[in-house]
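2 protein chains.
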Amino acid sequence: MYSDEIETFLKSKGIKTGDRIRVEYSGVTIEGDLMPKTEAGRHDTIIVKLKSGYNVGIAFGNARITKMNGQAVEPGSSPKSKVKQDAKLPKISLIYTGGTIGNKIDYRTGGVYPLLKPEELLHEIPELSKIANITVKSPFSMASEDLSYAEWQKIAHEVASEINSGARGVVVTIGTDTMHYVSAALSFMLQDLNAPVVLTGAQRSSDRGSSDAFMNLICAAQLAAKSDIAEVGICMHRSSSDKECQFMRGTKVRKMHSSRRDAFRPINDSAIAFVTSDGKIDYNGHYKKIGKGKTTVKAGFENNVALIKVHPNSTPGIIDFYVDMGYKGIILEGTGLGHTPVGPSNKKGSWIPQIGGAIKKGVVIGMTTQTLYGRVNANVYTNLRKVSELGVVYCEDMLPETAYVKLGWLLGNYDAKKAKELLNRNIVGEINERIGYDEFLV
Amino acid sequence: MYSDEIETFLKSKGIKTGDRIRVEYSGVTIEGDLMPKTEAGRHDTIIVKLKSGYNVGIAFGNARITKMNGQAVEPGSSPKSKVKQDAKLPKISLIYTGGTIGNKIDYRTGGVYPLLKPEELLHEIPELSKIANITVKSPFSMASEDLSYAEWQKIAHEVASEINSGARGVVVTIGTDTMHYVSAALSFMLQDLNAPVVLTGAQRSSDRGSSDAFMNLICAAQLAAKSDIAEVGICMHRSSSDKECQFMRGTKVRKMHSSRRDAFRPINDSAIAFVTSDGKIDYNGHYKKIGKGKTTVKAGFENNVALIKVHPNSTPGIIDFYVDMGYKGIILEGTGLGHTPVGPSNKKGSWIPQIGGAIKKGVVIGMTTQTLYGRVNANVYTNLRKVSELGVVYCEDMLPETAYVKLGWLLGNYDAKKAKELLNRNIVGEINERIGYDEFLV
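Note that the protein sequences, when read in sequence, are chains B and Z.
The first sequence: position 357 = 357 (the working numbering), numbered continuously.
Remember, the working numbering sits 442 above the position in the second sequence when you count from 1.
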């Protein structure tokens, strides 16, 4: 229940939960459906569900609330003028797909709601227009946990189209939770890539004092406008200070913290470059340089591929589950050097028969490690050889997430035999032949 | 095929693949079954499968090979005399359960084989007998990937029995791949623990120059003999140098590298103590101290609990799969702050109906994050609230592996209602209320 004051007011206006209402507060007008108070919500704050699906909370005392009919519209202030661009600056494209970087927080509830238009980012961050001549595109706006390969494909096509239309670099803003899956997908989908493709986002929404949104976007724009890197990567804070960002290879990077600004880390690899807000780029590792030719897209993706984390007493029946559903590929996240339970001690039985059965049916199975750092190696212990001799592909030092994306991409573009052959062959830097001593926990 | 020389020899002696043979080389005699050459194996090395299941390779040129009948026996040299113990030193117990720490490597093939007897560790490391008066026990000897909760229970009972028989501390040697699952299990199973329980192992077998076995075991013995910590933890190399080891809380530690000596790291926590080979203990964090009373065991464990890693386009059908098999608990390893796909964009559908259905049937579902570092938080985004409002327990900063073990333990000892209630309540330090700024990537 809301507070007595709110309940009395709503009753007097004939407003019930689920009704479409208009709320005016602090010069902003929003429209949406009145939601019931949540258990954790404050009694003196009303909750409105926007058309976008996001909930926003508004302090009752400051708001003017009216019942309305018809469609709710997106929140936001009045349309702003177009940002002035400098035609002499390098031409880059900004592809906006949603995520925290485009969100604003509601301080009363801690909830967040999205910006009205992607172009608002240019208004919010005037520095951007001094770095590059920016074209903004937005194929969709979604939370990253809901992105599937269809969205990855859309982004790949949009990126290639922008590059082939003259953009010397592309920035893609995206929700951070699955950003490293997306960066891996784009790494494989974009063929003969001839421009920096810089994914970025924010861990804190852009109207918070501690937001990383501005610096991440500015540094990403600097890389897109100035660097000679022809790879897909992620540009996020190097440390939790605002000193600089780092650009990490799209297949060798992972979100390693749920909330820190420096959550993204290179795994079994070094950052490709460090970059400051004012455009100083410090190249740190080997990378593919911009050459000539057209960037094309090979965007096939197999719908039926799974990533399974193995654990003590885990059931090998999970393999049958996927095989029975017609899955064509499975990545295992094994323990240590790439183990599954193989002994009779596992109450759920050895994984050997199910893995062997699936492979006989033509399913491609790859092995990675849940340690994340380091590589798998089938040659050290007998138990490992038992698994590898069934035909499981040991994926070197590839991240489980990258291996999952790679296998989906391979099976979407090649037959199973070729996919199996290519799975542990290095295509875009996803395998590091010799991991450096310092490439651990950086 | 082996080399012509070997094939000719085997033929002349009437030895075929699978035959029981005796091989004498370098003063060692082993017995086992002749194996076919593996694809990767050397042509001039014969492979013998020991009774233990381990393969060993022997350079043909140096070996005397004879065909035999009857049972093969374990490899090893002649029995050694009992190690002399000093009764005035603190009394500790060493529980040996297998793993690399008790293996020797065969330099010709890179394969490993186990020591004949756990007591050999005392012979191999004479320093141990100067630290403590050591009783060696070995309830079983297994590779850690094959340990299931039955073995965790055996270890828990063995540890409690040793403590209650007068051991002031216990060292448990164990394979490293699932050591952090075991340390979590022992943390919950041992009640009113009144002694240091120090798990250790090795990333490199004990006869390699780079082995960490000696130092890990010596430092673990120092902690068991001298520290006042009454917790279960893992003692392994702090860095890849041999300067010191670190003792990490059993529920807040994880194997983060497949091969490095410093693979085990505290997650969302600090090491409890640093320890050197000569017994200098530097206490670093808060911990439970040795008190009075008897250590008891609450070792119940539910067989039907799963850990599921969520990924883009992952199928919610996996929930039904486990529910249909009668599973009572599921830990999800979500993205970011604890997400599953909830939107219609996921080709496999939203996870909401399946999660909701499982919870209605009484399955306890917990949420952790695949970032490993940081905590889940159901209050930030609408998509998170959608999941938490179904009754999913958000497990704070608990590691996915620890949450899996905890849920299995809870459901093995309490009813579902109580288990759900306790899942995100701190019991033995598995939840860190306030993660320190420096507790990331250390």
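Every residue, glycine too, gets a C-beta built ideally from N, C-alpha and C.
{"query": "Exposure label - alanine 447 (chain B); buried when at least 16 CB within 10 Å", "result": "There is simply no residue 447 (chain B) to check, as chain B begins at 1 and stops at 442 in what is shown."}
{"query": "Touching by the beta-carbon criterion (3+ pairs, under 8 Å), the segment 679-687 of chain Z and the segment 730-744 of chain Z", "result": "no"}
{"query": "Boundaries of the beta strand (DSSP E) in which methionine 35 (chain B) is found, first to last residue", "result": "28-35"}
{"query": "Proximity of isoleucine 773 (chain Z) and threonine 810 (chain Z) at Cβ, strictly below 8 Å", "result": "yes"}
{"query": "Cβ contact check for the segment 339-346 of chain B and the segment 305-315 of chain B: 3 or more pairs under 8 Å", "result": "yes"}
{"query": "Cβ-based neighbour list, tyrosine 283 (chain B), same chain, cut-off 6 Å, excluding 5 preceding and 5 following", "result": "Ala273"}
{"query": "8 Å Cβ cutoff, glutamate 74 (chain B) in contact with chain Z", "result": "Because the pLDDT of glutamate 74 (chain B) is 43, which lies under 50, any placement of that residue in the model is unreliable, and the number read from its coordinates should be weighed accordingly. Not one chain Z Cβ lies under 8 Å of glutamate 74 (chain B)."}
{"query": "Closer than 8 Å at the beta carbon, the chain Z residues around methionine 142 (chain B)", "result": "Gly785, Ser787"}
{"query": "Candidates B:Ile46, B:Ser165, B:Thr17, B:Lys37, of which the one nearest isoleucine 30 (chain B) by Cα", "result": "B:Ile46"}
{"query": "Status (buried if at least 16 other CB within 10 Å, exposed otherwise) for asparagine 879 (chain Z)", "result": "Reading off the sequence shown, one finds tyrosine at residue 879 (chain Z), where the question assumed asparagine. Exposed, since its Cβ has fewer than 16 Cβ neighbours within 10 Å."}
{"query": "Chain Z contacts from the segment 144-168 of chain B (Cβ-Cβ distance under 9 Å)", "result": "Ser144, Glu145, Asp146, Leu147, Ser148, Tyr149, Ala150, Glu151, Trp152"}
{"query": "Where methionine 690 (chain Z) falls, given that 16 or more other Cβ within 10 Å makes a residue buried", "result": "buried"}
{"query": "Limits of the beta strand (DSSP E) - the one that threonine 459 (chain Z) falls within", "result": "Element bounds for threonine 459 (chain Z): n/a, residue is neither H nor E."}
{"query": "Rounded straight-line distance, which links the Cα of lysine 694 (chain Z) to that of arginine 876 (chain Z)", "result": "13 Å"}
{"query": "Separation of lysine 91 (chain B) from isoleucine 134 (chain B), as counted between CA atoms", "result": "6 Å"}
{"query": "Same chain only: Cβ atoms within 7 Å of methionine 179 (chain B), ignoring 5 sequence neighbours per side", "result": "Ser144, Leu199, Gly201, Ile234, Lys255"}
{"query": "Helix, strand or coil at methionine 657 (chain Z) according to DSSP, with G and I counted as helix", "result": "helix"}
{"query": "Interface flag, proline 754 (chain Z) vs chain B, CB-CB below 8 Å", "result": "yes"}
{"query": "Residues bridged to alanine 221 (chain B) (per DSSP)", "result": "DSSP output for alanine 221 (chain B) lists no bridge partner at all."}
{"query": "Pair within 8 Å by beta-carbon distance, valine 170 (chain B) and serine 93 (chain B)", "result": "yes"}
{"query": "Closer than 8 Å to chain Z by CB, arginine 375 (chain B)", "result": "yes"}
{"query": "Where aspartate 44 (chain B) sits in the DSSP three-state scheme", "result": "coil"}
{"query": "Chain B residues whose Cβ lies nearer than 7 Å to that of threonine 813 (chain Z)", "result": "Lys255, Met256, His257, Ser258, Ala263"}
{"query": "Residue interval of the beta strand (DSSP E) (run including asparagine 745 (chain Z))", "result": "Element bounds for asparagine 745 (chain Z): n/a, residue is neither H nor E."}
{"query": "Spatial distance of asparagine 303 (chain B) from leucine 337 (chain B) (CA atoms)", "result": "28 Å"}
{"query": "Nearest-angstrom Cα separation, counted from threonine 777 (chain Z) out to leucine 883 (chain Z)", "result": "18 Å"}
{"query": "Same chain only: Cβ atoms within 7 Å of serine 830 (chain Z), ignoring 5 sequence neighbours per side", "result": "Ala820, Tyr836"}
{"query": "Exposure label - histidine 679 (chain Z); buried when at least 16 CB within 10 Å", "result": "buried"}
{"query": "Interface partners of aspartate 177 (chain B) on chain Z, CB under 7 Å", "result": "Thr777, Gly778, His781"}
{"query": "Neighbour flag for tyrosine 404 (chain B) against chain Z, beta carbons, 8 Å", "result": "yes"}
{"query": "Residues sharing a beta bridge with cysteine 395 (chain B), DSSP", "result": "For cysteine 395 (chain B), which the question treats as bridged, DSSP gives no partner whatsoever."}
{"query": "Valine 765 (chain Z) in three-state terms, based on DSSP", "result": "helix"}
{"query": "Segment limits, beta strand (DSSP E) that includes isoleucine 330 (chain B)", "result": "329-334"}
{"query": "Minimum C-alpha distance to methionine 631 (chain Z) - residue among Z:Asn825, Z:Pro842, Z:Ala598", "result": "Z:Ala598"}
{"query": "Residue from B:Leu50, B:Val363, B:Asp177, B:Tyr322 whose Cα sits closest to the Cα of arginine 261 (chain B)", "result": "B:Asp177"}
{"query": "Nearest neighbour of threonine 359 (chain B), chosen from B:Glu151, B:Lys418, B:Gly102, B:Gly329 [CA to CA]", "result": "Before going on, a small fix: residue 359 (chain B) reads as isoleucine here, not threonine. Checked all of B:Glu151, B:Lys418, B:Gly102, B:Gly329; the closest Cα to isoleucine 359 (chain B) is B:Gly329."}
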